[in-house]
Amino acid sequence: MAGTKVPESVLVVIHTPDLQVLLLERADHPGFWQSVTGSKARVDEPLAETCRREVLEETGIDTAQHALTDWELVNRYEIYVHWRHRYPEGVTHNTEHVFGLLLPEAQPVRIAPREHLRYEWLRWEQAAERCFSWSNAEAIRQLPRRAARATRR
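Right, here's the structure in full:
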């Protein structure tokens, strides 16, 4: 049976000014680490609302209390075969929109036990190396440049 998941998602790189990055270990694939990710709840859900909902569900952090930035970076990739059953019949690709969420410092988070086993705050270099997803790793590698640009404004 085909699923109903919308093939459009967000990737939210949660970080601090000193470039520590929050990573979460997936419960359904131990050893797979990632930033907060999630699909739109419905086709017309605004991307910022998807970010807010997913970050709150996965970490307990309210994006309204921090600086959420649309990086205007869009990735299109093939959905892993073992996850395609979640999407409508014939859907093979997802469109991912990348955002950054700046927190003043690393803080404890409340993970969703059905989704994640644990979390870690890592320096951006270590975080990029640990990510299983190429798009997540690439987004984290862009963090120093994006942070420097933001401080010049």
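Taken in order, the sequence shown gives residues 1371 to 1523; the numbers are from my numbering.
Built from N, CA and C at the ideal position, the CB exists for glycine as well.
Predicted model only: the values in this text are computed from it and were never measured.
Measuring alpha carbon to alpha carbon, tell me which of the options ends up nearest residue i.
i, options, result
"R1488", "W1494, P1458 and S1405", "S1405"
"Y1450", "V1425, H1399 and P1514", "H1399"
"R1515", "W1441, R1500 and V1461", "W1441"
"E1448", "H1385, E1508, T1386 and W1504", "W1504"
"E1415", "A1397, I1510 and E1378", "E1378"
When you compare the CB positions of residue i and residue j, do they come within less than 9 angstroms of one another, or not?
i, j, result
"D1432", "R1422", "yes"
"L1394", "A1437", "no"
"V1479", "G1401", "no"
"V1382", "K1410", "no"
"V1380", "G1408", "yes"
"A1397", "Y1457", "no"
Taking the C-alpha atoms as reference points, what is the distance between residue i and residue j?
i, j, result
"N1506", "W1494", "11 angstroms"
"T1420", "F1469", "11 angstroms"
"R1412", "A1418", "13 angstroms"
"D1388", "N1464", "31 angstroms"
"L1473", "V1425", "12 angstroms"
What does the Cβ neighbour count give for residue i, buried or exposed, with the cut at 16 atoms within 10 Å?
i, result
"V1444", "exposed"
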